[in-house]
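K.L.:
Chains as they are written, first to last, in our numbering: chain A, 107 to 184; chain B, 764 to 976.
Quick reminder that beta carbons are idealized off the backbone N, C-alpha and C, glycines included.
(1) Which class does residue 830 of chain B belong to by DSSP, given the choice of helix, strand or coil?
(2) Going by CA-CA distance only, name the one from B:820, B:772, B:872 that's closest to residue 938 of chain B.
(3) Should residue 158 of chain A go down as buried or exposed, given a rule of 16 or more other Cβ atoms within 10 Å for buried?
(4) Closest to residue 896 of chain B by C-alpha separation, out of B:932, B:783, B:917, would be which residue?
(5) In chain A, which residues lie less than 7 Å from residue 824 of chain B when you measure between Cβ atoms?
(6) Using 7 Å as the limit for Cβ to Cβ distance, is residue 181 of chain A near chain B?
(7) Below 8 Å between beta carbons is the criterion; list the residues of the stretch 149 to 164 of chain A that meet it against any residue of chain B, in chain order.
(8) What residue range is occupied by the uninterrupted alpha helix (DSSP H) comprising residue 942 of chain B?
(9) Output needed for residue 819 of chain B: all residues of its chain with C-beta closer than 8 Å, excluding positions within five of it in sequence on either side, in chain order.
(10) Identify which residue in A:121, A:118, A:139 has its Cα closest to the Cα of residue 128 of chain A.
(11) Among B:793, B:802, B:856, B:901, which residue has its Cα nearest to the Cα of residue 178 of chain A?
(12) Whose C-alpha, out of A:162, A:184, A:118, is nearest the C-alpha of residue 912 of chain B?
(13) Residue 942 of chain B to residue 932 of chain B, Cα distance in whole Å?
(14) May I ask you to report which of helix, strand or coil DSSP gives residue 962 of chain B?
(15) How about residue 789 of chain B and residue 147 of chain A: are their beta carbons less than 7 Å apart?
(16) Under 8 Å between beta-carbons, which chain A residues line up against residue 938 of chain B? List them in chain order, please.
(17) Would you call the stretch 871 to 886 of chain B in contact with the stretch 799 to 809 of chain B, where contact means no fewer than 3 C-beta pairs closer than 8 Å?
(18) Does any residue of chain B bring its CB to less than 7 Å from the CB of residue 178 of chain A?
(19) Would you check if the distance between the CB atom of residue 828 of chain B and the CB atom of residue 885 of chain B is smaller than 7 Å?
(20) Below 8 Å on C-beta distance, what does residue 795 of chain B contact in chain A?
(21) Under the three-state reduction of DSSP, which class applies to residue 125 of chain A: helix, strand or coil?
(22) Of the residues B:849, B:798, B:767, B:801, which one's Cα is nearest the Cα of residue 821 of chain B?
(23) On a Cα-Cα basis, can you pick out the residue from B:816, B:826, B:847 that is closest to residue 887 of chain B?
(24) Assign residue 170 of chain A to one of two classes, buried (16 or more other C-beta atoms within 10 Å of its C-beta) or exposed (fewer than that).
(25) Which of the three DSSP states is assigned to residue 806 of chain B in this structure?
(26) Determine the DSSP secondary structure at residue 971 of chain B, reduced to helix, strand or coil.
(27) Count the other C-beta atoms from every protein chain shown that fall within 10 angstroms of the C-beta of residue 181 of chain A, then say buried if there are 16 or more, exposed otherwise.
(28) Could you please give the first and the last residue of the uninterrupted alpha helix (DSSP H) stretch that includes residue 852 of chain B?
(29) Could you check what DSSP says for residue 870 of chain B in three-state terms: helix, strand or coil?
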């Protein structure tokens with residue numbers, strides 16, 4: 107392997123391992139963390155949008171028409 | 764004819780703007796890689812482009828509030844809001860720098876500044892969209908199907924950007940400070956202990972209704 111390719115691979119590894127892999131102490135917790143954060147690394151909108159939509163529906167079911175007031179307060183927030 | 768140094772300066776500015784918008788795109792597609800790259804390679808000049816976008820927003824918001832749509836008028840309230848934003852931003856950066864020292868983590872002000880500046884993208888989008896919606900669909904809305912639907916869409920949109928903002932804040936701290944998951948959670952909790960009362964105070968002092976962070 108030429109030095110150039112080796113340097114390229116070395117730089118790539120340095121970049122990837124700039125932070126240590128997360129370890130939460132318990133293997134099950136670490137696995138849960140990886141399972142949750144994994145899909146968020148690429149196109150997190152795939153996860154964020156359904157979660158937000160379900161949360162919005164839950165807020166509506168919980169607050170009812172007070173959701174209108176919440177939206178108004180937020181819209182006055184700029 | 765334009766001098767060569769002027770041409771180089773203009774081309775550098777254009778390149779800078781392209782880099783910032785390319786990074787914005789990566790923050791949507793691959794936020795993990797984007798923040799990792801920003802923490803390692805970004806320059807302070809990129810933050811200046813983002814701060815300029817924030818400054819333009821405050822002028823836009825001021826024009827909407829005062830209903831004086833003149834593109835060249837820079838109001839004192841816009842300058843005041845921008846000054847408070849810069850102050851809040853740097854207090855936040857310094858706070859995380861100090862807390863990193865307490866946790867014995869190696870970090871630089873530049874790395875924190877660049878990652879935090881880029882992570883303002885969801886905030887910027889939210890404020891620009893909310894201001895524009897204020898003209899298009901002004902509140903309050905009626906208690907009917909359309910009023911409820913629009914409110915639900917706006918709340919879902921706000922929640923989406925909030926979640927994205929939280930993810931970017933977490934990644935910024937992860938790559939700028941190289942802290943562990945537990946340390947980041949503690950850092951954010953410490954941050955909230957002063958930031959939430961500060962936001963409340965800013966609301967009462969008529970500085971920000973929703974904190975620009």
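P.N.:
For this structure:
(1) coil
(2) B:872
(3) Within a 10 Å sphere around the beta-carbon of residue 158 of chain A sit 16 or more other beta-carbons, which makes this residue buried.
(4) Looking only at B:932, B:783, B:917, the smallest Cα-Cα distance to residue 896 of chain B is reached by B:917.
(5) 184
(6) Closer than 7 Å: yes.
(7) 149, 150, 151, 154, 155, 157, 158, 159, 161, 162, 163
(8) Taken as a continuous stretch (DSSP letters only), residue 942 of chain B belongs to no alpha helix (DSSP H), as it is neither H nor E.
(9) Shown here for residue 819 of chain B: not one same chain residue has a beta carbon closer than 8 Å to its own, the five before and five after excluded.
(10) A:139
(11) Minimum Cα-Cα distance from residue 178 of chain A among the listed residues B:793, B:802, B:856, B:901 corresponds to B:901.
(12) A:162
(13) 13 Å
(14) helix
(15) no
(16) 124, 125
(17) yes
(18) Yes - at least one Cβ of chain B is within 7 Å of the one on residue 178 of chain A.
(19) no
(20) 146, 147, 148
(21) In the displayed model, residue 125 of chain A falls within coil according to three-state DSSP, outside both helix and strand.
(22) B:849
(23) B:816
(24) By the neighbour-count rule (16 or more Cβ atoms within 10 Å), residue 170 of chain A is not buried but exposed.
(25) coil
(26) coil
(27) buried
(28) 839 to 865
(29) Correct three-state label for residue 870 of chain B: coil.
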